[in-house]
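Visitor:
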Amino acid sequence: MLNDVERALVSRDSMLPGLAALLDETVLTGVLRQQKPFLSLKRVSVTYIRYKPKTSCVVGVTLYIADEIPYFCFVRALTRSRFISYCSRLVSDGKNTSDWPETPVLLDELAAFISSPQLDRKLCLAALYNNKYTALLQNARGSVTGQERERWHFLRYKPGRRCVIGVYRDEHPFAVIRCAAEKEFFRQLRGSQAGSSLAHIELLGVNETDRLIATRWIAGKSLDYFLHGQEYLSLVTLTGKSLAKIHNEPYFLPEKQTCREALQQLWQEHGMVTALYPELAERFSHCILRLKALSEWLSHEQVLLHGDFSADQVIVAEDGRSVNIIDWDRCVYGHPAGDPGSFIARTEMDVINGELTAAQARGIHDALLAGYKTERKINAFDIEWYTAKALMCLVVEPFRKRDAYWPKKAELLLNRVEDICASATPIS
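With our numbering applied, the sequence shown corresponds to residues 1269 to 1696, in that order.
(1) Just to confirm, is the Cβ distance from residue 1519 to residue 1467 under 8 Å?
(2) Give the secondary structure of residue 1319 by DSSP, where H, G and I count as helix, E and B as strand, and everything else as coil.
(3) Leaving out the 5 sequence neighbours to the left and right, which residues in its chain are closer than 7 Å to residue 1424 when beta-carbon positions are compared?
(4) Leaving aside the five residues before and after residue 1565 along the sequence, list all residues of the same chain whose C-beta is less than 6 Å from its C-beta, in chain order.
(5) Quick one: give me the first and last residue of the beta strand (DSSP E) that residue 1383 is part of.
(6) Three or more beta-carbon pairs under 8 Å between the region 1601-1615 and the region 1472-1483, yes or no?
(7) Taking residue 1293 as the reference, give the member of 1269, 1308, 1275 with the closest Cα.
(8) Going by CA-CA distance only, name the one from 1438, 1537, 1596, 1322 that's closest to residue 1514.
(9) If we ignore side chains and look at the alpha-carbon of each, how far apart do residue 1470 and residue 1484 end up?
(10) Whole angstroms are fine: how far does the CA of residue 1578 sit from the CA of residue 1446?
(11) Would a C-beta distance cut-off of 8 Å place residue 1657 and residue 1530 closer than the cut-off?
(12) Would you call the region 1673-1689 in contact with the region 1645-1660, where contact means no fewer than 3 C-beta pairs closer than 8 Å?
(13) Using 10 angstroms around the beta-carbon of residue 1576, count the other beta-carbons present and answer buried if the total reaches 16, otherwise exposed.
(14) Comparing alpha-carbon positions, which option in 1556, 1482, 1370, 1641 lies nearest residue 1434?
(15) In or out: residue 1592 buried (at least 16 other Cβ within 10 Å) or exposed?
(16) Determine which residues share a DSSP beta bridge with residue 1583 and list them.
(17) Quick one: is residue 1652 buried, meaning 16 or more other Cβ sit within 10 Å of its Cβ, or exposed?
(18) Do residue 1296 and residue 1312 have their CB atoms nearer than 8 Å?
(19) Please report the distance separating the alpha-carbon of residue 1534 from that of residue 1666.
(20) Judging by CA-CA distance, which residue of 1369, 1538, 1418, 1429 is the nearest neighbour of residue 1438?
(21) For residue 1522, is the classification buried or exposed, using 16 other Cβ atoms within 10 angstroms of its Cβ as the cut-off for buried?
(22) In chain order, what residues of the same chain have a beta carbon less than 7 Å from the beta carbon of residue 1507, not counting five sequence neighbours either side?
(23) Distance check for residue 1317 and residue 1701, CA to CA, integer angstroms please.
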């Protein structure tokens, strides 16, 4: 069921006949059940959404069909004119749209179609379905006897952008394969190479033609798993120390993010806020202008950044004595406060989601920075600035993740940004 903000969104965008259905899992399930391949569909779970006003809407969905393994795919809604052109191309190419999953299934009333990942034009996933990925894993196959069963399945899938695949041997994980769109692949590759050179991940193989990167599976649990008890703050301190050591490394990347580029990113987010929840747009723009004014007092140091640092990107070893930082896809050269700011913003989101108390979050922040400061200096103002920036980048994330309460959570995130902007004190 759509909330009031979503109903208003749909009413503003009459160019996309399928938008309302893609925003409502129950309606989408009913529509798909009318299609022959999905007659026994139990339910649909929307895991990701990418919306371009008056142009298109793409959702990553998981289909639960009878007792089968959950099936990842995507649904794309278009304008009526673009949908007609798309159907014409299918006819010109001789595609029979009844051959699911080799061809998409058309949802005519919605001007939309559902497609399997192997048909994702931006990702070369046919290499996975055709088992061409196996050459990537030669370095991980030392103990294969020939009798072990091997399979893979999606861990994360963002249609048209990137996906993460888990590869299993006799049901035990042993490798992770990443696939990215062309414009993201080489940044992802350089990030994986950086993480490997720092001994946080092990790079097993690269297939540049199909844009696949394989790394060894790292045993352990994510730090996020441990964040609900005081006794585990020592792990957060250890994480801060490990992060600072990365920032101390003399490692250079061509990808850079300056303060100016960070502000440009926020204006892009402002465009999405305006489209989704116009009532927040003015407050959001005021926060950008406040951060721009405060940016004059930021320090100018740049270091190697993880680029998307959070507790779920940290794997705690089974003995609890070390951590590995994973998922280097957004690795960049930028301000050292960017990583702790991102981490702290995520814990602020956990408070809003009811997963942490405010007191727990403060304890985690303090523990992270205590560990960090054992290896290098960092000032509180810079961290506040980059925490506010990271929080602003999270404002529309609850919508993208299809959180039923996303409008309220967007407001709460923006409230927190305003609090930080009001209290931030430059250090002269």
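The beta carbon of each residue, even a glycine, is placed where N, CA and C say it ideally should be.
Guide: Answer, in terms of the structure:
(1) Position 251 of the sequence shown holds residue 1519. Position 199 of the sequence shown holds residue 1467. Going by C-beta atoms, residue 1519 is not nearer than 8 Å to residue 1467.
(2) Here the question's residue 1319 lines up with position 51 in the sequence shown. Three-state DSSP puts residue 1319 in a strand.
(3) Translated into positions along the sequence shown, residue 1424 becomes position 156. 1431, 1432.
(4) Start at 1 with the first residue of the sequence shown, and residue 1565 comes out as number 297. Excluding sequence neighbours, residue 1565 sits near 1694.
(5) Position 115 of the sequence shown, counted from the start, is the residue given in the question as residue 1383. 1380-1383 is the span of the beta strand (DSSP E), which, as asked, contains residue 1383.
(6) no
(7) For the purposes of this step, residue 1293 is taken as the residue at position 25 of the sequence shown. Of the candidates 1269, 1308, 1275, the one whose C-alpha sits nearest the C-alpha of residue 1293 is 1269.
(8) Taking the sequence shown and counting its residues from 1, one reaches residue 1514 at position 246. That would be 1596, whose Cα lies nearest to the Cα of residue 1514.
(9) Stepping through the sequence shown from its first residue, residue 1470 is reached at position 202. Stepping through the sequence shown from its first residue, residue 1484 is reached at position 216. So the alpha carbons of these two residues sit roughly 6 Å apart.
(10) Residue mapping note: residue 1446 aligns to position 178 of the sequence shown, counting from 1. Residue mapping note: residue 1578 aligns to position 310 of the sequence shown, counting from 1. Approximately 19 Å between the Cα atoms of the pair.
(11) In the sequence shown, residue 1657 corresponds to position 389, counting from 1. In the sequence shown, residue 1530 corresponds to position 262, counting from 1. Taking 8 Å as the Cβ cut-off, residue 1657 and residue 1530 qualify as a contacting pair.
(12) yes
(13) Residue 1576 sits at position 308 when you count from the first residue of the sequence shown. Residue 1576 comes out buried.
(14) Mapped onto the sequence shown, residue 1434 falls at position 166. It is 1482 whose Cα lies nearest to the Cα of residue 1434.
(15) The residue given as residue 1592 occupies position 324 in the sequence shown. So residue 1592 ends up on the buried side.
(16) Stepping through the sequence shown from its first residue, residue 1583 is reached at position 315. Beta-bridge pairing links residue 1583 to 1490, 1592.
(17) Mapped onto the sequence shown, residue 1652 falls at position 384. Its Cβ being crowded by 16 or more others within 10 Å, residue 1652 is buried.
(18) Here residue 1296 is taken as the residue at index 28 of the sequence shown, counted from 1. Here residue 1312 is taken as the residue at index 44 of the sequence shown, counted from 1. Yes. Within cutoff.
(19) To locate residue 1534, count along the sequence shown from 1; it is residue 266. To locate residue 1666, count along the sequence shown from 1; it is residue 398. If you take the alpha carbons of residue 1534 and residue 1666, they lie about 17 Å apart.
(20) Taking the sequence shown and counting its residues from 1, one reaches residue 1438 at position 170. Closest option to residue 1438, Cα to Cα, is 1418.
(21) Position 254 of the sequence shown holds residue 1522. Counting the other Cβ atoms within 10 Å of the Cβ of residue 1522 gives fewer than 16, which makes it exposed.
(22) On the sequence shown, position 239 is the one that residue 1507 refers to. 1491, 1582, 1591, 1636, 1639.
(23) No answer is possible for residue 1701: it lies beyond the span of the chain, which begins at 1269 and ends at 1696.
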